[in-house]
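Report on one structure; see the data block that follows.
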Ligand SMILES: [Fe+2]
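Below, the structure written as structure tokens:
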């Protein structure tokens with residue numbers, strides 16, 4: 045299959061990493077137009093919650109030393125970053141970070157830090173990034189430089205971002221055994 049710039053992430057695919065995999069949600073959670081490091085990539089996240097969890101991107105780790113920057117063009121959200129203590133032990137997180145973001149801001153994704161974006165606002169969350177486009181086949185949907193398997197295995201990151209009393213909060217993902225250090229960006233942990 046030739047490379048196509050457009051791809052969409054469906055509810056069916058997102059079930060793998062949702063806090064509540066059987067909850068009802070929109071057919072498509074987000075839309076991607078991939079132009080790579082030269083033209084940049086644009087991602088548009090639907091607003092809303094699925095089983096209480098705000099709609100998010102799937103999340104991935106980079107293969108190799110790749111870094112990238114995300115520029116937030118519209119909306120409000122939360123970026124989650126986590127670095128594993130050892131890739132052979134995806135259930136132990138060395139460092140976890142939640143960063144609240146809004147239009148006009150940017151976030152740097154250092155090499156080695158898994159990342160995902162969450163839409164916590166009432167409108168689309170629109171972002172641009174400078175990640176390369178590579179890989180064969182369906183590379184617009186699942187780029188070759190990104191590793192999704194550890195996120196799939198752990199059914200998401202160490203915390204889920206949920207809506208509680210109208211504001212975002214964090215819920216522990218029970219599959220993780222330990223988070224050594226964390227910066228929760230002002231978000232409360234609830235149960
Ligand atoms: Fe990335």
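Numbering (our numbering), first residue to last: 45 to 235. For glycine and all other residues, C-beta sits at the position ideal for the given N, C-alpha and C.
- Each residue's CA atom was taken as its position, placing residue 193 and residue 60 some 10 Å apart.
- Judged by pairs of C-beta atoms under 8 Å, the region 144 to 152 touches the region 106 to 126, as three or more such pairs exist.
- Using a 10 angstroms sphere on the CB of residue 235, the tally of other CB atoms stays under 16, which defines it as exposed.
- In this structure, residue 188 and residue 178 form a Cβ contact; the two beta carbons are roughly 5 Å apart against a cut-off of 8 Å.
- For the pair of segments examined, the region 127 to 140 was found to touch the region 214 to 226: the number of CB pairs separated by less than 8 Å reaches three.
- Remark: the shortest separation between the CB of residue 153 and any heavy atom of ligand 1 falls under 7 Å.
- Looking from the CA of residue 186, the closest CA among 102, 66, 65 and 72 belongs to 102.
- Within the chosen limit of 7 Å, ligand 1 does not reach the beta carbon of residue 138 with any heavy atom.
- In the three-state scheme derived from DSSP, where H, G and I count as helix and E and B as strand, residue 194 is classed as helix.
- In the three-state reduction of the DSSP assignment, residue 150 falls in the strand class.
- A Cβ-Cβ contact shorter than 8 Å links residue 141 with residue 227.
- Residue pairing by DSSP puts residue 208 in a beta bridge opposite 211.
- In this structure, residue 175 has its beta carbon less than 7 Å from a heavy atom of ligand 1.
- In this structure residue 164 touches residue 121 by the C-beta definition: roughly 5 Å separates them, less than 8 Å.
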